[in-house]
Structure formats: C-alpha cells, structure tokens
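Student: Just so you know, we're using the numbering used here here: the sequence shown kicks off at 33 and counts up by one. Glycine is no exception: its CB is placed at the ideal position from the N, C-alpha and C atoms. Got a structure for you, written out below as structure tokens; questions coming shortly.
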Amino acid sequence: MTNNSFKEAILQGIPNELPQPKLWDTSINHAPIRKQILTPSERKLALKNALRYFPEKFHVVLAEEFAKELKEYGRIYMYRFRPDYKITARNLHSFPHKSVQAASIMLMLSNNLDYA
33 MTNNSFKEAI LQGIPNELPQ PKLWDTSINH APIRKQILTP SERKLALKNA LRYFPEKFHV
93 VLAEEFAKEL KEYGRIYMYR FRPDYKITAR NLHSFPHKSV QAASIMLMLS NNLDYA
C-alpha cells in the first residue's frame, strides 16, 4: 500500500454504510480471552461507550455484534471495522495529521498492532 492510498484510507473515517462483517482471522495473534468479570451494568456501559463513535442508525446492528464480541472474547474488537491493509508501524509523516502528537498516537497504536 502506498503512502497516499494509506492516507486516503485513514481519511475516509467511519463509513456512511456498514461494511460487511469480517470472519475471525486465525492467522493473526489476538489478545487472550478475558474472564467474564463485568457486571451487567458495566457491560451496558462498555457497549454504550463503543457505540458513541457511530451514527445512531447503526446502533441496533452494532450493539448486538459488540455484545457478542464482549461475551465471547471479553472485549469489544469492532472487528467489522478492521482494516483490509496490513497494520504496521510506519513513518510518523505517513499518518495524516494536524499535530505531531496525533500522528504519534496513531504510530504508537499501529506499532502495538504490527504483525511483526
């Protein structure tokens, strides 16, 4: 993926239509499944916090999906939104940004998710 196509993908943001659900990718490492220690009110809060990033028109579909992820894995992955490109640490200036601090956070997250 070129730097320009990477920047374009990032700048698209949250899509206007939901992407198709993605299958669980067994070829990459995932965090260990967490124990189910959240109370019902904590699970509700976790779902509310996850949904706040998305338009209300998606909430019915995503709430069910995120609740399933929380139940099965102990965390909400938002797996449907996993990018199709390989996540890798890139040059700081590869990330579209208005501040170096914002680019640094994106770099840090990408570095933590790097397949290497």
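1) Quick check: the Cα distance between L94 and I46, rounded to an integer number of angstroms?
2) Using 10 angstroms around the beta-carbon of I108, count the other beta-carbons present and answer buried if the total reaches 16, otherwise exposed.
3) Which same chain residues end up closer than 6 Å to I42 when comparing Cβ atoms and leaving out the 5 residues on each side of it in sequence?
4) Beta carbon of K39: closer than 6 Å to some heavy atom of the ligand ATP?
5) Between the Cα of K158 and those of R84, R75 and P64, spot the shortest distance and give me the residue it belongs to.
6) Return the CA-CA distance between F38 and H62, expressed in angstroms with no decimal places.
7) Given L139, which residues of its chain have a CB within under 8 Å of its CB, disregarding the five upstream and five downstream residues?
8) What number of angstroms, rounded off, separates the C-alpha of K105 from the C-alpha of N35?
Tutor: With the structure as the only source:
1) So the two alpha carbons sit approximately 13 Å from each other.
2) Here I108 is buried, its C-beta having at least 16 other C-beta atoms within 10 Å.
3) Cβ contact annotation for I42 (same chain, cutoff 6 Å, sequence separation greater than five): P128, in chain order.
4) Here there are no bound small molecules, and the ligand ATP is not part of this structure.
5) The structure shown has nothing for residue 158, since the chain only spans 33 to 148.
6) Rounded to whole angstroms, F38 to H62 spans 23 Å at the Cα level.
7) A121, R122, L124 and F127.
8) The amino acid at residue 105 is misidentified as Lys; the sequence shows Tyr. Put simply, the backbone Cα of Y105 is about 33 Å away from that of N35.
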